[in-house]
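Below is one structure; the comments refer to it alone.
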Amino acid sequence: MTSGLVPMPNADLVQASDVPALLTQIRPAWRAKNLISRVHVLLSVDPSSACQRLFNAAIHDLREKVTVIGVDLASEAAKQGSLPPISKPNDIENYSTAKLIDLAYGIGLLSRPEWRRLHRCYEIRRDLEHEDNEYEAGLEDCVYIFKTCIEAVLSRDPIHVLRVTEVKQIVESSTAVAPSNELLDDYRMAPHPRQEEILKFLTSVALDRSQSDLVQQNAYAMIMAFEAATADPVKLSIAGFLQSRIGRGGIDKRTARVAHALGAFPYLRQAQRADFFNLQFAQMEQIGYHWTEFNQHGELLRSFKEYGAFAHCPPEPRQRILKWLVLLYVGEAGGRTSYGNVRNVFYSNSGAPIAAEIISEHAVTVRDDLVALRSDSDVARRLNNTHLARRYESLIDLLVED
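Start counting the sequence shown at 5; every next residue gets the next number (our numbering).
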């Protein structure tokens with residue numbers, strides 16, 4: 005059938021390049037289609053036509069992927085990107101090529117570099133389509149179009165878009181749950197609007213006191229698991245959602261715990277963050293750092309870690325809390341115990357290990373303040389005791405230089 009075709013002058017160059025090998029990266033479902041088979045044939049005789057056909061295949065695949073994602077997300081992405089409105093699947097079918105590329109980028113199917121490259125491929129295809137014999141695809145055009153269309157579109161499987169109802173079903177399970185690797189991958193690949201929908205649902209459940217403790221804890225566990233896979237723009241948006249819930253009432257412990265798990269705490273108002281950590285310091289002061297209160301120190305500091313500890317704490321309350329932790333860890337001069345044993349230092353065995361963990365985990369943040377505490381009158385008084393001084397120096401040893 006192709007015996008009558010006369011190879012274009014640059015066909016041999018294209019055949020000798022890496023372009024044919026790129027076709028093997030196309031996922032099997034597309035490699036089996038006649039369109040791709042036709043591209044194989046045309047590549048050896050008419051690279052310009054092969055480029056046009058492959059680009060058309062990529063756009064067709066992209067349109068199918070957008071349709072699979074759903075009208076709801078496509079509609080939201082269109083609205084945010086000032087694109088033509090979408091209310092039904094036919095609206096996606098009627099999108100022009102350029103607008104479809106923009107829509108795919110808005111949904112999250114394409115990264116920004118891929119979006120720019122695919123638009124450039126569209127410009128090349130238009131040149132090939134309208135210039136007749138005046139413009140033929142050179143080797144550089146073929147490599148650019150094939151590499152972009154295959155790597156950004158045709159090699160990638162359609163996204164299974166995680167739905168809120170799927171997450172809801174897991175959270176409302178009758179047992180404690182943890183997301184599977186498959187679920188995490190689905191969430192990571194979900195478009196930003198869907199990630200936001202899921203996090204809004206989980207946040208609402210985790211903060212809803214009317215829900216059972218198990219359901220609230222499941223929602224919280226899911227939030228923590230999703231945090232690393234959540235896009236930064238989504239974190240910023242969800243922080244706005246959380247801030248609207250907080251209003252002027254201030255951050256409570258439950259909200260702080262969820263905000264840290266979301267990765268949204270840094271985006272909340274600094275004044276409210278300062279007020280919250282000042283309240284945490286007040287509670288520490290009320291309990292005290294004396295070793296005899298060891299039965300309260302563990303829970304107190306574990307909660308402090310759940311709020312992010314020093315990660316989101318403004319400087320003023322951070323310095324006061326750090327001093328409290330140091331005094332707790334260093335302890336007090338020892339003596340004879342009620343069992344007749346002699347101890348060099350009395351310290352909180354439930355609180356001191358956690359205090360050291362917090363300081364170690366935030367060493368970069370607290371380094372200067374911790375060293376400066378050597379001159380603080382309350383700390384310096386304790387350092388006159390050799391055994392207590394050794395414990396302080398063990399904290400200094402945690403400040404590993406970068």
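Beta carbons are placed, not taken as given, at the ideal position from N, Cα and C, and that holds for glycine.
Because the structure is a prediction, the values reported are computed rather than measured.
Subject >> Distance between R213 and H164 (C-alpha atoms, nearest Å) >> reply: 32 Å
Original post:
If you draw a straight line from the C-alpha of D30 to the C-alpha of L304, how long is it?
Top reply: Inspection of the sequence shows that residue 30 is occupied by Ile rather than by Asp. Approximately 55 Å, taken between the alpha carbons.
Subject >> For R129, three-class secondary structure by DSSP >> reply: helix
Original post:
Nearest CA to the CA of M193: which residue from A232, N222, F205 and K172?
Top reply: A232
Subject >> Simplified DSSP state of A36, which is helix, strand or coil >> reply: coil
Original post:
Counting pairs of beta carbons, one from the segment 59 to 75 and one from the segment 177 to 188, are three or more of them closer than 8 Å?
Top reply: no
Original post:
According to the neighbour-count rule (16 or more other Cβ atoms, all chains shown, within 10 Å of its Cβ), is G355 buried or exposed?
Top reply: buried
Original post:
Which of the three DSSP states, helix, strand or coil, is assigned to A265?
Top reply: helix
**OP:** Counting only the same chain and skipping the five closest in sequence on each side, list residues whose C-beta sits under 8 Å from that of F285.
**Re:** P321, R324, I325 and W328
Original post:
Looking at the structure shown, is Y396 part of a helix, part of a strand, or coil, going by DSSP?
Top reply: helix
Subject >> Residue span of the alpha helix (DSSP H) that contains R213, given as start and end >> reply: Counting along the chain, R213 falls outside any alpha helix (DSSP H), and DSSP gives it neither H nor E.
Original post:
Among the residues of its own chain, which have a CB less than 7 Å from the CB of L122, if the five just before and after it don't count?
Top reply: I105, L114, T152 and A156
Original post:
Unbroken alpha helix (DSSP H) runs of length 4 or more, entirely within the segment 22 to 107: which are they?
Top reply: 23 to 26, 32 to 35, 38 to 47, 51 to 73, 75 to 84 and 93 to 97
**OP:** Kindly confirm or deny that the segment 256 to 276 and the segment 286 to 306 touch, where touching means at least three C-beta pairs closer than 8 Å.
**Re:** no
Original post:
In three-state terms, what does DSSP make of R116?
Top reply: helix
Subject >> Candidates N299, H316 and L46, of which the one nearest A260 by Cα >> reply: H316
Subject >> Cβ shell of A337 (< 6 Å), same chain only, five flanking positions each side left out >> reply: N389
**OP:** Keeping to the same chain, check which residues put their C-beta closer than 7 Å to that of Q84; ignore five residues upstream and five downstream.
**Re:** G110
Original post:
Secondary structure at E410, three-state DSSP: helix, strand or coil?
Top reply: Nothing can be reported for residue 410: it is not among the residues displayed for the chain, which extend from 5 to 406.
**OP:** Could you tell me if the beta carbon of G355 falls within a distance shorter than 7 Å of some heavy atom in the ligand ADP?
**Re:** Summarising the ligand content, the structure contains no ligands, and the ligand ADP is consequently not present.
Original post:
Exposed or buried, D236, counting other C-beta atoms within 10 Å across all chains shown (16 or more means buried)?
Top reply: exposed
Original post:
Do G254 and F280 have their CB atoms nearer than 8 Å?
Top reply: yes
Original post:
When the Cα atoms are used, what is the spatial distance from P11 to T234?
Top reply: Reliability of the predicted coordinates at P11 is poor, the pLDDT of 43 falling under 50, and no value is obtained from them.
Subject >> The beta strand (DSSP E) enclosing R347, as first and last residue numbers >> reply: V346 to F350
**OP:** State the start and end residues of the unbroken alpha helix (DSSP H) segment that holds A337.
**Re:** Note, A337: premise wrong, no alpha helix (DSSP H); beta strand (DSSP E) at E336 to R340.
**OP:** Report buried or exposed for Q173, applying the criterion of at least 16 other Cβ atoms within 10 angstroms of its Cβ.
**Re:** exposed
**OP:** Pull up the CB-CB distance for V411 and E201, whole angstroms please, since I reckon it's below 8 Å.
**Re:** Nothing about residue 411 can be read from this structure; the chain reaches only from 5 to 406.
Subject >> Which of helix, strand or coil DSSP assigns to H164 >> reply: coil
**OP:** In angstroms with no decimal places, state the Cα-to-Cα distance between L240 and Y271.
**Re:** 7 Å
Original post:
Nearest to S159 by CA position, among I362, D373, L58 and N345, is which residue?
Top reply: L58
Original post:
Leaving out the 5 sequence neighbours to the left and right, which residues in its chain are closer than 8 Å to P93 when beta-carbon positions are compared?
Top reply: T71 and V75
Original post:
Is the beta carbon of S91 sitting closer than 8 Å to the one on S79?
Top reply: yes
Original post:
By DSSP, does L377 sit in helix, in strand, or in coil?
Top reply: helix
Subject >> Whole runs of the beta strand (DSSP E) within the segment 189 to 251, excluding any shorter than 3 residues >> reply: none
**OP:** Compare the Cα-Cα distances from A81 to each of P117, N98, P51 and P197 and report the closest residue.
**Re:** P197
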